[in-house]
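As they're listed, the protein sequences go chains B, D, Y and X.
When we follow the working numbering, the leftmost residue of the first sequence carries the number 1, and every step to the right adds one.
When we follow the working numbering, the leftmost residue of the second sequence carries the number 1001, and every step to the right adds one.
When we follow the working numbering, the leftmost residue of the third sequence carries the number 2001, and every step to the right adds one.
When we follow the working numbering, the leftmost residue of the fourth sequence carries the number 3001, and every step to the right adds one.
Ideal placement from N, C-alpha and C gives every residue a C-beta, glycine not left out.
On a predicted model such as this, the values are computed, not experimentally measured, just so you know.
Protein chains: 4
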Amino acid sequence: MKIGIAGASGYSGETLVNLLLRHPQVELAAVTSRQLAGKCLSEVMPSTRGPGDKLAFTVSDPVAMAAREDIAVWFLALPHGVAAEYASALIAAGKRVFDLSADFRLGTPALYKEYYEHDHPAPELIAKSAYVIPELKALADWQHKSLIACPGCYPTSIQLPLIPLLRAGLLETKGIVINSYSGISGAGRQAKEFYSFAERTESMTAYGQPKHRHLSEIEEQLGAAAGRDVIVQFNPHLAPLKRGILSTITVPAAAGATIEAVYAAWNATYTERPFVKVLPSGTYPDTAAVQHTNRADMMGVHDRRTGNFIVTCAIDNLLKGAAGQAIQNFNLALGFPETAGLY
Amino acid sequence: MKIGIAGASGYSGETLVNLLLRHPQVELAAVTSRQLAGKCLSEVMPSTRGPGDKLAFTVSDPVAMAAREDIAVWFLALPHGVAAEYASALIAAGKRVFDLSADFRLGTPALYKEYYEHDHPAPELIAKSAYVIPELKALADWQHKSLIACPGCYPTSIQLPLIPLLRAGLLETKGIVINSYSGISGAGRQAKEFYSFAERTESMTAYGQPKHRHLSEIEEQLGAAAGRDVIVQFNPHLAPLKRGILSTITVPAAAGATIEAVYAAWNATYTERPFVKVLPSGTYPDTAAVQHTNRADMMGVHDRRTGNFIVTCAIDNLLKGAAGQAIQNFNLALGFPETAGLY
Amino acid sequence: MKIGIAGASGYSGETLVNLLLRHPQVELAAVTSRQLAGKCLSEVMPSTRGPGDKLAFTVSDPVAMAAREDIAVWFLALPHGVAAEYASALIAAGKRVFDLSADFRLGTPALYKEYYEHDHPAPELIAKSAYVIPELKALADWQHKSLIACPGCYPTSIQLPLIPLLRAGLLETKGIVINSYSGISGAGRQAKEFYSFAERTESMTAYGQPKHRHLSEIEEQLGAAAGRDVIVQFNPHLAPLKRGILSTITVPAAAGATIEAVYAAWNATYTERPFVKVLPSGTYPDTAAVQHTNRADMMGVHDRRTGNFIVTCAIDNLLKGAAGQAIQNFNLALGFPETAGLY
Amino acid sequence: MKIGIAGASGYSGETLVNLLLRHPQVELAAVTSRQLAGKCLSEVMPSTRGPGDKLAFTVSDPVAMAAREDIAVWFLALPHGVAAEYASALIAAGKRVFDLSADFRLGTPALYKEYYEHDHPAPELIAKSAYVIPELKALADWQHKSLIACPGCYPTSIQLPLIPLLRAGLLETKGIVINSYSGISGAGRQAKEFYSFAERTESMTAYGQPKHRHLSEIEEQLGAAAGRDVIVQFNPHLAPLKRGILSTITVPAAAGATIEAVYAAWNATYTERPFVKVLPSGTYPDTAAVQHTNRADMMGVHDRRTGNFIVTCAIDNLLKGAAGQAIQNFNLALGFPETAGLY
C-alpha cells in the first residue's frame, strides 16, 4: 500500500518518515516539502540515512498530490491553516487523510478562530473529520471517516489519564490544575536564540500562561467526557530534554471516589491496549522510559489531606504525541495490526 | 573573623566552602568531615582548587568544635538528626550557629516527628532558634538569636512569592497547588543507579507524592502568614539539570484581588532587597538565569477564566536554596553588608 | 525460532531484549539474570513495558540453559570472565552463541591475560570462535562458527573506518592517534557518585590513559589488516550524552595516498551495506544522527599541511557498538535478512 | 577606577559585564551595544539582574568612547575586524585597551589575512600590542603596552600545557595532534537550527577540519616557544555542554624526556600562579571542575608503548578562555591583585 507525507521537514514529519519507511505494510511513495523539493531525504535528514537514500522530496502541491492515483492515503505534517487547504483537495479527490496539524482538532470554527486567530480555512470538512485518540473512541465511530485529526502532544498526555475518570464520574470538574513539561523538540525545528542549547540547557521555565492554544482542545474533549463544561488551569513548561512530555495533574476527587475506582476505570479502558501502561500507585511515569516508544505510562495517587487525586502521565511528544499516534490511527482505520511499524 | 563549617562533603557544604573561602569579611578556619578528615580540601573537592589548597578537613567532633576559642560562628551542613547534636554542644559553648539542616525548621517537636519519623533530638533549642528567610522577617526579630535555621530549597522558592500575598490577604487558602522542579543536585551526592547520568538525562519525573518532608515547613510558614491553617498540594519533580528549582504555583485569587495588588505586595516587600527580583507579568523566571546567583526571580499572572493567580519563582537550590541564603543570614546577623561574598 | 539471552540486566542486555522482543523472525524464549530471576521483565525494565509484560527473568545457570532443547541460539551479555563459562556449557551442548563480552575478542590467551589480568577461562574455545564486524569479514569465513565474538563499542567505531584503508595500503602505521568520546551508558549501569548526573553533566573528561582494555582488540585487528604490528595512541573520553561514540582519528597518509583513494576504498567495502554510511568529505558524523540506529557514519579529510588524514566515525554504542551488531551477526549467520529487527 | 565595555551583547561580553559589575577595584561606567543601546542591562541580560539594574547600554561609537574623559580603560568584546577600528580611536585618545577579539592576536598582517580573509584593519597597531597569557609572559614585557590582545579559548587551553614543555625542549615538534572539545557557548549567541538544543543535545561532532582559524594563533605561539616552526593537527569538536573546553594533546616526547621533567617544567612555571593547577598524573582534568572559575587544570601521562606524552587541559571557555583572562591581564597591568574580581 502506497502512502504519502506532506510537509515532512519538521520533527513530527521526520519521525513520520522514519516510521513509515520501516512500516511492514506500506510503501512510502511520496514525501513533499516546499523548501526541500528535489533533495534526497537522507541528504537533508541524517536520521533517514539508509532507508531514505533512494527517495527525494517532491514539490508540496495539493493539486498534484490529489492527482496521484497510486497514493490513497496522505499524512499531513503541515502548519495549521495550511493543512486544511491540502485536506480539502485530497478529500475532494477521494483520498484518506491523517492530519497532524491543529486544523481539525476542534469542533467548531468559532473555537478555532478564538485560539488560532484566523477564520477556519475549511469549516465544511469539520463534519467529515474525527478527532481520534484511539484508546478513547470506539473504532466503529471513526474508522469510516476520511479525515482523521490527530491530537496534539499536550492534549494526549492529559486526556489519556483524565477521560476515563471523567466518564466514570470520579472527578470534580472544578479546580483541575495541569502542569505539563515538554522537551524542546515540542517547539519544532527552531532557528531562534531562545531555543539554542546554550540558553535551554539547565533551564526550566514556564511559558504560554494563561491561555496556550492546546487549551481549546483539552477543555473541549474533557468537557465532552464529563458531560459539562470543564475549565482547567493549564501551565505548560519547557524542560531541558529533547523528547518527552510529562503531565502532572491535580484534580479534586468526586465525593466518595477512591484510588481503587481510578485504577478500575483505567484498567477497564486500557488493559487490552498495547500503547497505554497503567503503573501501580507510587511507580512514577518518566519521560526517559517512554522515549522512542509510542507508549503512554500513567499513574495516580490519592492525597487524603487535600482530597485530590494526583495523576501523572508520560509520553514521547513525537510518537504518542504526534507521528506514532497518527500511524496507530492509520493502522486501525486500514485494518492493519495496531502495533504495525510501531513496536 | 574566623568561622567553621561542619559536614562539608555534600553539595550544599561544598558550595558553602567555596563562598566562605572568598568572603571578604571572614576566614574559613575549619572544615570538618567524618569521611574526609586529614585530606586537603582541594584534593577531594576539585571546585576548591586554588583557594582550598592550604586547608585540610578536620575530624567532625562537636566537643572539639565547641572548644575552639578562635571560632565564634559555625555553619552546619549535616544530615537532619545529626545537626541538632552539634548545635547543642556549640550553643552551650556560646557559639552562633547557622544550620542548613531540617532540625530547627519546624516549630514543634510533634510536627518534626510526624515528618522525620524520629523524636526531635534537641527540643529545648527550638525556642532559641529562628527560621529565617531574611526578606520575610524583620531583622530585629531574629538578629540576636544564637541558632538560625536556614530554610530548605523548595520552601524558599514557595514562600518568597506566596508569603507577601498571604499577608496581604490576596489569596484563597484552599486549593493551592504547587508544582516544583528540582535539579539533580537537590538530591545530594548520590551513588545510586537512579541518580546516574544515563538514567536522569532526558528524564522528567515526579516523586515524593503526596507527602514530601518539605511540606511540613511549607504549610507551617504559609499558615503563619495567612493566620489560619493552609493545606497545599505539593508535587515535587526531578528535572534533568544540575542546579535550580522552579516552582509553579496555582492559587485561587481572593475575592477582589487583582494582579496589580499582587505586584504591589511584592514590590512593597522586595524593592529594596538585592536578592529578590520581581519580573513583569509575562517575563518568565528561568532556572538558567538564576544559576550561580543567590537571587530569586518571581512573576505572576492572573487567569480570568479560572480566577487563579499563577505564580512562578526560580532559584539556585544550592545558593538561595541553601548555602547562599545561609551566608545572607550570617551577613545580616553579624552586621556585614547583605551581599558580602554573594555578589 | 526461539532464542535466549543470558545476563540481560545491563544496558547492552536491555537493548538486546528490546530488539529481540520485536525481531520478526525470532521468539525471545528466555532471559536470565542472577539478581532479577523471577521478576517480570517489564517490572524492572521500564523500556520493555508492553512487549515484555509476559516474560519473566529466569535463573542464570549455564547447565539449565544448555539443557533447554527448544533454544538453539543464546546471546551472552555477561561480564568478561563469566561469559566464557556459559559459552563452554552451551557450545558443548551444541548451541550457537553470540557473545557480547570481551572473552573471545582476542586471538591469544596471553594477550587476554595481559589486558584482563586473569587467565583466559576457556582457551580451547578460541579456535572455535570468530570475531566479527560483518562488513569487514567474508560471510563464508565465519558463518559456520558456533561462537561469535561481537566487538566492543570503541573498536567498532575505529575498525570500520581504518581497516579498509589499512588493507588498501593508504595509511602509515606509525603515528596513529585515536581520540574517542563515549556516552555515559558505555560505562554500564552504575551506582557510583562519579557517574551521577550532577557529576557528569557539563563534564568532558579523558580517562583510561594510556592503556585502556579495548586497545588490545584495536591493535590486534588493525595489525591483522595492515599485515604488520600497529601501535596506536588511544585516548578515550566520557562525554555528557547517554548513547553514542565518536572517534576522531589522525593518521599519516601513506606516500602518494589521496583522499579520493580513501573514499574509493570505503565505497568498495561499504556501498552495498545497509549499516555503514560514507559521508562526503566535510559532512561531519554526529552521534545524535546515529542514535537509536545500528548505523555507522564515517567521513575523511586530508590535511596537506600535516600530511594526515583525519577520519571520524559515529555509532550508537548500544547498537552498532553492542546489541545491534550482535543481532546483525545473528541475522547473517542464520540466513535472515541482514536488517531484520534492526531497521 | 572607571572602565567601559564595548560590544557586550555576546556571551563573552556578558561574562565581562558580570565580572566587572562585581570587581572591587573598578566601576563599570559604560557598556555599549549597537542593538541594545538605551535598554537597561538587566532587562535584556537576566544574569545581570540586581547589579545591572541601574546601568543602560549606550551607543557603540568609537569616537564618543574615545571622548569620555572619565574612562581610561576599555574592554572590547567585538567581532574581529570591528574591534581594530575601535582600538584605533581609543589608543589614539590615550586609552588602554583590552581586546577580546582576534584582531591583535597574530604577529603579522599576512597571517591575519590568510586566516581571516580580509586585510588587517589596523596593522600599525600590531607593534603597540601584546598577546598575553599572563602565566607565560614576564610582566615587564607587556605591562606598559596600551593594547593587550587576549587569547582565544582553544589557544589558551593548548598553550598553557605545551609552552613550558616546548621551552624546556621536552617535545618533538613534529606529530603533535590536538583534539579539543568546546561547549556550545563557544559558538556565541546563535539563532541557527544547528545550535538549537534539540540538535545539539546527545551530539558529539567534529567541525572546522582541517584549518580552524585558531590554528594560526596556536602555531605562531607554539613556534615561538619552540624556536622553530610548529605544524599541528588541530581537531576541534562541539560537545553538549554549555561552558568548557577540554584539550587532549598527543605529542611525541623528545629523546630522553621524562614525565618527571614535564612536571618539573610545569611546576617551575605555575606553582605560584593562582589560576593554573597542575594535577598529578592520572587525575584527569574535567570541564565541570573548572566551570565558573578562571582556572586551568592540566595533567600529563607518558605512554612508553608509543613514546608519546598525552597532555590534557580544561578551562571555562568564557572565563580563562575569554573574559576571565582579560580581567586577569587588566589586574596585572594596572597593578591590582591578580585575583581581584575573579575568585
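Proximity test, Cβ basis, 7 Å: residue i and chain E
| i | result |
| --- | --- |
| residue 305 of chain B | Among the chains of the structure shown, chain E does not appear; the protein chains present are B, D, Y and X. |
Straight-line gap, residue i to residue j (C-alpha atoms, nearest Å)
| i | j | result |
| --- | --- | --- |
| residue 2242 of chain Y | residue 291 of chain B | 13 Å |
| residue 1301 of chain D | residue 1174 of chain D | 19 Å |
| residue 1316 of chain D | residue 1295 of chain D | 8 Å |
| residue 1189 of chain D | residue 1010 of chain D | 6 Å |
| residue 259 of chain B | residue 309 of chain B | 8 Å |
| residue 1061 of chain D | residue 1008 of chain D | 13 Å |
| residue 2015 of chain Y | residue 2033 of chain Y | 15 Å |
| residue 139 of chain B | residue 124 of chain B | 23 Å |
| residue 1272 of chain D | residue 3147 of chain X | 40 Å |
| residue 70 of chain B | residue 57 of chain B | 17 Å |
| residue 346 of chain B | residue 216 of chain B | Residue 346 of chain B lies beyond the stretch modelled for chain B, which goes from 1 to 343, so this question has no answer here. |
Sequence-distant residues of the same chain with beta carbon closer than 6 Å to residue i, five excluded per side
| i | result |
| --- | --- |
| residue 2163 of chain Y | 2136 and 2225 |
| residue 3246 of chain X | 3181, 3287 and 3314 |
| residue 1149 of chain D | 1099, 1104, 1105, 1129 and 1131 |
| residue 2179 of chain Y | 2235 and 2248 |
The alpha helix (DSSP H) enclosing residue i, as first and last residue numbers
| i | result |
| --- | --- |
| residue 3221 of chain X | 3214 to 3226 |
| residue 2260 of chain Y | 2259 to 2270 |
| residue 3153 of chain X | 3153 to 3167 |
| residue 1113 of chain D | 1109 to 1116 |
| residue 3287 of chain X | 3287 to 3290 |
| residue 329 of chain B | 323 to 334 |
Enclosing beta strand (DSSP E) for residue i [first to last residue]
| i | result |
| --- | --- |
| residue 1006 of chain D | 1002 to 1006 |
| residue 16 of chain B | Taken as a continuous stretch (DSSP letters only), residue 16 of chain B belongs to no beta strand (DSSP E), being part of the alpha helix (DSSP H) at 11 to 22. |
| residue 2102 of chain Y | Looking at the DSSP string, residue 2102 of chain Y is not in any beta strand (DSSP E), and its letter there is neither H nor E. |
| residue 298 of chain B | 296 to 303 |
| residue 2278 of chain Y | 2276 to 2278 |
Partner residues on chain Y for residue i, Cβ-Cβ distance less than 8 Å
| i | result |
| --- | --- |
| residue 3248 of chain X | 2179, 2206, 2235 and 2237 |
| residue 289 of chain B | 2046, 2047 and 2049 |
Chain-ordered neighbours of residue i on chain X, where CB pairs are closer than 8 Å
| i | result |
| --- | --- |
| residue 2242 of chain Y | 3202 |
| residue 2285 of chain Y | 3205 and 3206 |
Where residue i meets chain X, residues with beta-carbon distance less than 7 Å
| i | result |
| --- | --- |
| residue 2301 of chain Y | 3209 and 3210 |
| residue 2312 of chain Y | 3206 |
Partner residues on chain D for residue i, Cβ-Cβ distance less than 8 Å
| i | result |
| --- | --- |
| residue 3297 of chain X | 1046 and 1049 |
Cross-chain neighbours of residue i in chain B, by beta carbon under 8 Å
| i | result |
| --- | --- |
| residue 1231 of chain D | 305 and 306 |
Cβ shell of residue i (< 8 Å), same chain only, five flanking positions each side left out
| i | result |
| --- | --- |
| residue 284 of chain B | 299 and 312 |
| residue 282 of chain B | 299 and 301 |
| residue 2023 of chain Y | 2327, 2340 and 2341 |
| residue 2079 of chain Y | 2007 and 2101 |
Cβ shell of residue i (< 7 Å), same chain only, five flanking positions each side left out
| i | result |
| --- | --- |
| residue 1088 of chain D | 1122 and 1125 |
| residue 113 of chain B | 119 and 120 |
Residues, ordered as in the chain, of the stretch 177 to 198 of chain B that lie near chain X by beta-carbon distance below 7 Å = 184, 185, 189, 190, 191, 192, 193, 195, 196, 197 and 198
Residues from the stretch 3197 to 3223 of chain X in contact with chain B, defined by Cβ distance under 7 Å | 3197, 3198, 3200, 3201 and 3202
Along the stretch 2160 to 2179 of chain Y, what residues have a CB closer than 7 Å to any CB found in chain B?
-> none
Anything in the stretch 2004 to 2030 of chain Y with a Cβ closer than 7 Å to a Cβ of chain X? List those residues in chain order, please.
-> none
Could you please tell me which residues of the stretch 106 to 117 of chain B, in chain order, have their CB closer than 7 Å to any CB of chain Y?
-> none
Using a Cβ cut-off of 9 Å, which residues of the stretch 122 to 155 of chain B contact any Cβ in chain D, in chain order?
-> none
Listed in chain order, which residues of the stretch 3264 to 3285 of chain X have Cβ atoms closer than 8 Å to some Cβ of chain D?
-> 3274, 3275 and 3277
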